[in-house]
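There are 2 protein chains.
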Amino acid sequence: MDNPHEYFMKFALREAKDAESRGEIPVGAVVVCNGRIIARAHNLTETLTDVTAHAEMQAITSAANVLGGKYLTDCTLYVTLEPCVMCAGALGWSQIGTVVYGAIDEKRGFGKFAPGALHPKTKVVAGILADECASLLSDFFKKRR
Amino acid sequence: MDNPHEYFMKFALREAKDAESRGEIPVGAVVVCNGRIIARAHNLTETLTDVTAHAEMQAITSAANVLGGKYLTDCTLYVTLEPCVMCAGALGWSQIGTVVYGAIDEKRGFGKFAPGALHPKTKVVAGILADECASLLSDFFKKRR
Chain D
1 MDNPHEYFMK FALREAKDAE SRGEIPVGAV VVCNGRIIAR AHNLTETLTD VTAHAEMQAI
61 TSAANVLGGK YLTDCTLYVT LEPCVMCAGA LGWSQIGTVV YGAIDEKRGF GKFAPGALHP
121 KTKVVAGILA DECASLLSDF FKKRR
Chain F
1 MDNPHEYFMK FALREAKDAE SRGEIPVGAV VVCNGRIIAR AHNLTETLTD VTAHAEMQAI
61 TSAANVLGGK YLTDCTLYVT LEPCVMCAGA LGWSQIGTVV YGAIDEKRGF GKFAPGALHP
121 KTKVVAGILA DECASLLSDF FKKRR
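Right, dumping it as C-alpha cells:
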C-alpha cells in the first residue's frame, strides 16, 4: 500500500485534474477524517467568477457541513499546492488538525507571507507527491502561454 | 452631509447590528462602486456553521456576482473591523481598490499577521467610526460572558 499521505494526495491530484479539465488552475483538495474522505473540492475561481473559490475554501465549508460543526480539529486537509494567505487564514479559523500539501508556492504560499496564519496546534507536512503536483501546474501554464 | 467614508461605514454598522440580532459576532461590510452600494453582508459563521462566512468574504463574492467579474479594482470595501488574514488574502486576490475599516483588531487583524496580504495598489483607510464599531463588539462580548 502507498504511504497514507501519498494515498490521499492522489485523490487531491484527481481533483486538480478535474479543475484542469474545466480550464481552471489545477489545484485540488480533500479532507480526511478517521481515515475517510469527507470532502473533495477543486479550484473553481473562473467557473464561479469568485476569487474565494479556492479548493481549500470549498473543502473547509464542505467538511464542516458533513461534520455539523465549524471546527476540523480531527481532520487532515490534503491539497496539491501550498495554501495561499486566504486559505491558510481559513484553515487557522477551522483549527484543522493537519495540513498536508504537495508543491511549494514560492509566489503566494502562506509560509512566506503569513507564517503564523494556522492554528498553533496544526501540524504541517509539505512536499507529498510534490513533483507531480507541481508538473500539473507548470504544464497548465505552459499550455496557456 | 457626512464624510463619505463615515456615510458608507454607517451601512456597514447596520449590517453588523443585523449580525448581532442573529447572535453572530457583530461585523458588517458593504462594497461600494461608483458611489453606489453593490453588496452588503454580515458575519454568518454560526448560522452557516462555516468559519469562512465572514462579512468580507460574502461581500467579495456578492460584489463579483453583481459586476460579472472577479476583480474589484474600482470598488471600496467598508468593514467595521480590521480584516483577518483570511479576508485580507481574499481582498488581495480581488485586487480591490480601497479597504476602509473601523476598529483595529489587535488579536486577529492582518496588519500584524499578514501585512503584505493586500494587492500592492490597494489603498487602506483605518479608524472610520472606530469607537462605534469597537463598542458594538465589546458590548457583544460583555453580554456573552
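For the protein sequence lines, the chains are D and F, in the order given.
Counting from 1, one number per residue, gives the positions in the first sequence under UniProt numbering.
Counting from 1, one number per residue, gives the positions in the second sequence under UniProt numbering.
Backbone N, C-alpha and C fix where the C-beta goes; we use that ideal spot for every residue, glycine too.
Judged by beta-carbon spacing, F/Leu-91 lies beyond the 8 Å limit of F/Val-31, meaning their Cβ atoms are not closer than that value. Contacts with chain D (Cβ-Cβ distance below 7 Å) from the segment 102–129 of chain F involve Phe-113, Ala-114, Gly-116, Ala-117, listed in chain order.
For F/Gly-89, the uninterrupted alpha helix (DSSP H) run begins and ends at 85–94, by DSSP. Within chain D, Val-85, Met-86, Gly-89, Ala-114 have C-beta atoms less than 9 Å from the C-beta of F/Ala-88, given in sequence order. Relative to the Cα of D/Leu-77, the nearest Cα in the group D/Lys-143, D/Cys-33, D/Asp-139 belongs to D/Cys-33. Contact annotation: in the segment 42–53 of chain F, residues whose CB is within less than 7 Å of a CB in chain D are Thr-45, Thr-49, Asp-50, Val-51, Thr-52.
For D/Ala-55, the nearest beta carbon of chain F is not closer than 8 Å to its own beta carbon. The residue among F/Ser-138, F/Leu-129, F/Leu-137 with its C-alpha nearest the C-alpha of F/Asn-3 is F/Leu-129. Linking D/Gly-69 to D/Arg-145 through their CA atoms gives a straight-line distance of about 43 Å. Between the segment 88–105 of chain D and the segment 117–127 of chain D, the count of Cβ pairs shorter than 8 Å is three or higher; the stretches touch. Any Cβ of chain D closer than 8 Å to the Cβ of F/Thr-98 would place that residue at the interface, and such an atom is absent.
Among the CB atoms of chain F, none fall inside 8 Å of the CB of D/Gly-23. Taking C-beta atoms as the reference points, F/Ala-29 and F/Ala-55 count as a pair closer than 8 Å.
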